[in-house]
Amino acid sequence: MIFYINPSSDEEQSDEDWEPETTTPQRKRSRSSLATTSPAEEPSTSTAATSQPTPPAVTVSKTSPAAARGGKGRAKRGRGGRGRGRGSRSQHTASTSSSEDRWRNVDEADVDPPQPVFRPARAPGPQVSSTASYSPLQLFQLFMSSSTLQTIANHSNAYGTKKQEGKARPWHLITLQDMYSFLALVIYMGFARFCSLTDYWRRSELYGLQLPSRIMSCRRFLAITFALHLSDPKVDAENEKKRGTAAFDRLCKIKPLYNSIREACMSNFQPSQNISIDERMVASKARIALKQYMKDKPTKWGYKLFVLADSLCGYTWNFFVYEGKSPVQQGKGLSYDSVVMLLEEKLLGTGYKLYVDNFYTSPTRFRDILQKKVKACGTIRTNRIGFPRTTVNALPKNAPRGSLRWIRDGDLLFVQWKDTREVSMCSTIHKAFGGDTVQRKVKGNDGQWSRKDIPVPAAVKDYNKNMGGVDLSDALIGYYNVIHKTKNWYRTFFYHFVDIAVVNAYIIHKELAKAKKEKSLTQKAFRETLVLELFRIGSPSTATPPPPPPAPPGASHKLAYIAGDSTAGRRKCRHCHQKTPLKCVSCDTPLCLLPKRHCFNAWHDLNNL
Numbered sequence: 068m069i070f071y072i073n074p075s076s077d078e079e080q081s082d083e084d085w086e087p088e089t090t091t092p093q094r095k096r097s098r099s100s101l102a103t104t105s106p107a108e109e110p111s112t113s114t115a116a117t118s119q120p121t122p123p124a125v126t127v128s129k130t131s132p133a134a135a136r137g138g139k140g141r142a143k144r145g146r147g148g149r150g151r152g153r154g155s156r157s158q159h160t161a162s163t164s165s166s167e168d169r170w171r172n173v174d175e176a177d178v179d180p181p182q183p184v185f186r187p188a189r190a191p192g193p194q195v196s197s198t199a200s201y202s203p204l205q206l207f208q209l210f211m212s213s214s215t216l217q218t219i220a221n222h223s224n225a226y227g228t229k230k231q232e233g234k235a236r237p238w239h240l241i242t243l244q245d246m247y248s249f250l251a252l253v254i255y256m257g258f259a260r261f262c263s264l265t266d267y268w269r270r271s272e273l274y275g276l277q278l279p280s281r282i283m284s285c286r287r288f289l290a291i292t293f294a295l296h297l298s299d300p301k302v303d304a305e306n307e308k309k310r311g312t313a314a315f316d317r318l319c320k321i322k323p324l325y326n327s328i329r330e331a332c333m334s335n336f337q338p339s340q341n342i343s344i345d346e347r348m349v350a351s352k353a354r355i356a357l358k359q360y361m362k363d364k365p366t367k368w369g370y371k372l373f374v375l376a377d378s379l380c381g382y383t384w385n386f387f388v389y390e391g392k393s394p395v396q397q398g399k400g401l402s403y404d405s406v407v408m409l410l411e412e413k414l415l416g417t418g419y420k421l422y423v424d425n426f427y428t429s430p431t432r433f434r435d436i437l438q439k440k441v442k443a444c445g446t447i448r449t450n451r452i453g454f455p456r457t458t459v460n461a462l463p464k465n466a467p468r469g470s471l472r473w474i475r476d477g478d479l480l481f482v483q484w485k486d487t488r489e490v491s492m493c494s495t496i497h498k499a500f501g502g503d504t505v506q507r508k509v510k511g512n513d514g515q516w517s518r519k520d521i522p523v524p525a526a527v528k529d530y531n532k533n534m535g536g537v538d539l540s541d542a543l544i545g546y547y548n549v550i551h552k553t554k555n556w557y558r559t560f561f562y563h564f565v566d567i568a569v570v571n572a573y574i575i576h577k578e579l580a581k582a583k584k585e586k587s588l589t590q591k592a593f594r595e596t597l598v599l600e601l602f603r604i605g606s607p608s609t610a611t612p613p614p615p616p617p618a619p620p621g622a623s624h625k626l627a628y629i630a631g632d633s634t635a636g637r638r639k640c641r642h643c644h645q646k647t648p649l650k651c652v653s654c655d656t657p658l659c660l661l662p663k664r665h666c667f668n669a670w671h672d673l674n675n676l
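Going by the numbering used here, the first residue of the sequence shown is number 68, and it counts up by one from there.
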């Protein structure tokens, strides 16, 4: 009889059923005999007549040639139900001394794997001077620089001019100062929320906010919102001609800012040793192919981003937008390609510990990134190729809380742990059990609940501690996110990129304050300060008005038209910031004098004039 030993099967192998190529009917066997005998093994006549069970032994599976080529075998339903054959095994289990002969107990010793030497490409933390003092605006400009905003203004002007062609009113060009004022209002609306954008400029007793009208008029804000464009309209037109072909770029309309913000995120911060990868959803109801559905996320409909974040502080270090297909075609699936694209080895360095969920975890992937000196840990699906198929000493379904089984396959550790349900882990970082415990409420035989210390694998403990980097980043963004309804999908990404810039700037602020042993601002205070600084740089003449010039002795304060006409040459009133054609001649200050706005008298009384 020929014995076949499986080579390592590829992760993208098909799941088609196979049948052994034989015409001899096989004898039905009980479940106990299947547990101790290879599925493809045919008992002889003498052994079939013997009823003595054979003890568990380390055997090499004998499979059909089809299984030896890497196929996944399934037993027939008539022979003990549907189950996976033993054909799709890794080459690491070929020898009879492999540790995959059975699941081991918690009291059996495991080797302690060597810990990676942490050699980051740069010193972990903010890549700015740790001794200098930075304002929120300066930190924000690390991600949204003046050149970036000027590029957006130029593209928006091109788009606005194109849309305004043939209309009576020409397009009023957006300046860099307009962009700063616009961003001040956008961030302000994140923590001062109203139902409608126009409510911020209402003058009723219920709304009466002064800051929005001081920053920018409602009409101007809506005009910039309408014309906001991140890419060159000419490039968009050229890309539209390629629709339906492989050269068509779905993300063309966000590419300039998309590339800029990604580069800024990676260049201004170096993650600590523990990092995590997870998905992020940006809420949207747009009817576009980019929109995805994820039932397990709080935001179920929207745009999906794959994000690499620092596990300690939640800094968004790298991300990419999911277009409905894998951006890097490795032929090994989206989860594999996502990890490859997010792990920038040249910028990260070596010795990092990556934590992922079961979407990304597979033995093949963990071995591949281990070659790049990056270790990994994550939950794993038990039907993954490479996961141990043996059931000898496996974790029973009714196992008590804290029960643990493990198998080591070279550098890979597989752990099954029973909490409220069974948890399966795969790691290249940990050993099976290090003596850690965790408290859980357990119901006793008398029906009373009590706290009990139960053993927990180090892989589970570190996973719970370090997997939440992306979730922490999402929470920081969600507190004061600036996203509001828009008709164009690419503007939703603009608002999300602003959120990423603000939160990353705030994290850098906290890290700098921690290094100096100073108290940092809260995120709300940070955003409030940033709004005022953007306001001042966008509208310096109205944000911090200079003190009025002293009037000459004996001068009387009189009103006069600014340009000799009630409709021409109007300026903003120094007191209420509404347009007025009047000014005080002695103070040379534009002021209102209307039945409902006595700004002329109020301003002079305020300044003791």
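Using N, Cα and C, we set each Cβ at its ideal position, and we do this for glycine too.
Worksheet entry | Reference Asn555; option with closest CA among Thr228, Glu578, Tyr419 and Leu297 | The residue you call residue 555 lines up with position 488 of the sequence shown. The candidate whose alpha carbon is nearest that of Asn555 is Leu297.
Worksheet item: Would Thr121 be called buried (16 or more neighbouring beta carbons within 10 Å of its own) or exposed?
Response: As a working note, residue 121 is residue 54 in the sequence shown. Residue placement at Thr121 is flagged as unreliable, the pLDDT there being 39, under the threshold of 50; the coordinate-derived value follows with that caveat. Looking at its Cβ environment, which holds fewer than 16 other Cβ atoms inside 10 Å, Thr121 is exposed.
Fill in: Coarse secondary structure for Cys643, derived from DSSP in three states
Mapped onto the sequence shown, residue 643 falls at position 576. The answer is coil: DSSP assigns Cys643 none of H, G, I, E or B.
Fill in: Contacting residues, own chain, Cβ-Cβ under 6 Å from Ala321 (five flanking each side not counted)
Working through the sequence shown from its first residue, we reach residue 321 at position 254. Here the sequence assigns Ile to residue 321, which means Ala is not the residue at that position. Closer than 6 Å at Cβ, skipping near neighbours: Leu297, Tyr557 and Phe560.
Practice prompt. Take every Cβ of the region 366–384, pair it with every Cβ of the region 535–544, and state whether three or more of those distances are shorter than 8 Å.
Written response: In this structure the region 366–384 lies against the region 535–544, because at least three pairs of beta carbons, one per stretch, are closer than 8 Å.
Worksheet item: So what's Asp377 in DSSP terms, helix, strand or just coil?
Response: As a position in the sequence shown, residue 377 is number 310, starting the count at 1. Note: Asp377 maps to strand in three-state DSSP.
Worksheet item: Across which residues does DSSP place Trp484 in a beta bridge pair?
Response: Translated into positions along the sequence shown, residue 484 becomes position 417. Leu471 and Val490, per the DSSP bridge assignment.
Discussion item. Quick check for students: name the residue ranges of the alpha helix (DSSP H) that lie wholly in the region 314–358, counting only runs of 4 or more.
Written reply: Counting only unbroken stretches of 4 or more residues, the alpha helix (DSSP H) elements lying wholly within the region 314–358 are 322–334, in sequence order.
Worksheet item: Can Asp345 and Phe387 be called in contact, C-beta distance under 9 Å?
Response: Position 278 of the sequence shown holds residue 345. Position 320 of the sequence shown holds residue 387. No.
Worksheet item: What are the boundary residues of the alpha helix (DSSP H) that Val598 is part of?
Response: Translated into the one-based positions of the sequence shown, residue 598 becomes position 531. Its alpha helix (DSSP H) spans residues Gln590 to Gly605.
Worksheet item: Got a sec? Which residues, its chain only, sit under 7 Å from Thr218 by beta carbon, not counting five neighbours each side?
Response: Residue numbering aside, residue 218 sits at position 151 when the sequence shown is read from its first letter. Take Thr218, set aside five residues on each side of it, and the residues of its chain with a beta-carbon closer than 7 Å to its own are Pro323, in chain order.
Discussion item. Judging by CA-CA distance, which residue of Arg664, Ser334, Thr495 and Asn221 is the nearest neighbour of Pro183?
Written reply: Counting from one through the sequence shown, the residue named residue 183 turns up at place 116. Checking every option, the nearest Cα to that of Pro183 belongs to Thr495.
Fill in: Terminal residues of the alpha helix (DSSP H) in which Asp520 lies
On the sequence shown, residue 520 is found 453 positions in, with the first residue counted as 1. In the DSSP annotation of this structure, Asp520 is not part of any alpha helix (DSSP H); the continuous beta strand (DSSP E) holding it starts and ends at Trp516 to Pro522.
Discussion item. So within the region 370–448, which uninterrupted alpha helix (DSSP H) runs reach at least 4 residues, ignoring any that extend past its ends?
Written reply: Taking 4 residues as the minimum length, the alpha helix (DSSP H) runs contained wholly in the region 370–448 are 401–409, 412–415 and 430–438, in order along the chain.
Fill in: Residues of its chain near Ile521, where Cβ-Cβ distance is below 7 Å and the 5 sequence neighbours each way are ignored
The residue labelled residue 521 in the question sits at position 454 within the sequence shown. Counting only residues of its own chain and dropping the five nearest sequence neighbours on each side, Ile521 has a CB closer than 7 Å to the CB of Arg468, Gly469, Thr504, Val505 and Arg507.
Worksheet item: Should Phe433 and Ser491 be called a contact, given that it needs their Cβ atoms to be closer than 9 Å?
Response: In the sequence shown, residue 433 corresponds to position 366, counting from 1. In the sequence shown, residue 491 corresponds to position 424, counting from 1. Taking 9 Å as the Cβ cut-off, Phe433 and Ser491 do not qualify as a contacting pair.
Worksheet item: If you draw a straight line from the alpha carbon of Met348 to that of Leu410, how long is it in whole angstroms?
Response: Position 281 of the sequence shown, counted from the first residue, corresponds to residue 348. Position 343 of the sequence shown, counted from the first residue, corresponds to residue 410. Between the C-alpha atoms of Met348 and Leu410 there is a straight-line separation of about 20 Å.
Practice prompt. State the DSSP-derived secondary structure class of Asp672, mapped to helix, strand or coil.
Written response: Your numbering for residue 672 matches position 605 in the sequence shown. Asp672 falls in the helix class under three-state DSSP.
Worksheet item: Does the pairing of the region 573–587 with the region 191–198 give three or more beta-carbon distances under 8 Å?
Response: Remark: three or more beta-carbon pairs, one from each stretch, lie closer than 8 Å, so the region 573–587 and the region 191–198 are flagged as touching.
Worksheet entry | Contacts around Gln208, its chain only, beta-carbon distance under 7 Å, and the 5 residues preceding and following it disregarded | Translated into the one-based positions of the sequence shown, residue 208 becomes position 141. Answer for Gln208: no residue qualifies.
Discussion item. With distance defined between alpha-carbon atoms, name the residue in Asn548, His644 and Pro648 nearest to Tyr628.
Written reply: In the sequence shown, the residue the question calls residue 628 occupies position 561. In terms of Cα proximity to Tyr628, the closest of Asn548, His644 and Pro648 is Pro648.
Worksheet entry | Separation of Asn326 from His414, as counted between CA atoms | Taking the sequence shown and counting its residues from 1, one reaches residue 414 at position 347. Taking the sequence shown and counting its residues from 1, one reaches residue 326 at position 259. Per the sequence presented here, residue 414 reads as Leu, with His not at that position. Their Cα atoms are separated by approximately 16 Å.
Item to complete: Please determine if the region 225–233 and the region 168–185 are in contact, where contact requires at least 3 C-beta pairs separated by less than 8 Å.
Response: Contact fails: fewer than three Cβ-Cβ distances are below 8 Å.
Discussion item. Cutting at 6 Å between CB atoms, please list the residues of its own chain near Trp238, excluding the five before and the five after it.
Written reply: Residue 238 sits at position 171 when you count from the first residue of the sequence shown. Here the set comprises Gly227, Thr228 and Gln231.
Item to complete: Go ahead and label Phe336 buried or exposed: buried means 16 or more other beta carbons lie within 10 angstroms of its beta carbon, across all protein chains shown.
Response: Locating residue 336 in the sequence shown gives position 269, counting from the first residue. With 16 or more other CB atoms across the displayed protein chains lying within 10 angstroms of its CB, Phe336 is buried.
Discussion item. Within a Cβ cutoff of 8 Å, which residues of the same chain sit near Thr188, ignoring the five residues on either side of it in sequence?
Written reply: The count along the sequence shown starts at 1 and reaches residue 188 at position 121. Checking the sequence shown, residue 188 turns out to be Ala, not Thr. Once the five neighbours on either side are set aside, the close Cβ partners of Ala188 are Gln337, Lys413, Leu414, Leu415 and Gly416.
Worksheet item: Which residues in the same chain have their Cβ closer than 7 Å to the Cβ of Leu658, if we skip the five residues on either side of it in sequence?
Response: Along the sequence shown, read from residue 1 onward, the residue named residue 658 stands at position 591. If we look at Leu658 and ignore the five residues flanking it on each side, its Cβ neighbours are Cys640, Arg641, His642, Thr647, Leu649, Lys650, Cys651, Cys666, Phe667 and Trp670.
Fill in: Contiguous alpha helix (DSSP H) assignments of at least 4 residues, all confined to the region 541–583
Correct list: 556–582.
Worksheet item: What does Lys650 pair with, by DSSP beta-bridge criteria?
Response: Residue mapping note: residue 650 aligns to position 583 of the sequence shown, counting from 1. Per DSSP, the beta bridge partners of Lys650 are Ala627 and Pro657.
Worksheet item: Name the DSSP beta bridge partners of Pro187, please?
Response: For the purposes of this step, residue 187 is taken as residue 120 along the sequence shown, with counting starting at 1. For Pro187, which the question treats as bridged, DSSP gives the partners Gly416.
Practice prompt. Go ahead and pull the three-state DSSP assignment for Arg287.
Written response: Numbered from its first residue, the sequence shown carries residue 287 at position 220. If DSSP states are grouped into helix, strand and coil, Arg287 belongs with the helices.
Worksheet item: Per DSSP, what kind of secondary structure is Trp368 in: helix, strand or coil?
Response: Taking the first residue of the sequence shown as position 1, residue 368 is located at position 301. Trp368 falls in the strand class under three-state DSSP.
Discussion item. Can you tell me whether Gln438 is buried or exposed? The criterion is at least 16 other CB atoms within 10 Å of its CB, across all chains shown.
Written reply: Start at 1 with the first residue of the sequence shown, and residue 438 comes out as number 371. With fewer than 16 other Cβ atoms within 10 Å, it is exposed.
Worksheet item: Are the C-beta of Ala235 and some C-beta of chain C separated by less than 9 Å?
Response: Looking at the structure shown, chain C is missing, and only one protein chain is on hand.
Worksheet item: How many angstroms separate the CA atom of Ile328 from the CA atom of Arg594?
Response: Here residue 328 is taken as the residue at index 261 of the sequence shown, counted from 1. Here residue 594 is taken as the residue at index 527 of the sequence shown, counted from 1. C-alpha separation (whole angstroms): 19 Å.
Practice prompt. Give the straight-line distance between the Cα atoms of Ser429 and Met333, rounded to the nearest whole angstrom.
Written response: Position 362 of the sequence shown, counted from the first residue, corresponds to residue 429. Position 266 of the sequence shown, counted from the first residue, corresponds to residue 333. It is roughly 27 Å from the alpha-carbon of Ser429 to the alpha-carbon of Met333.
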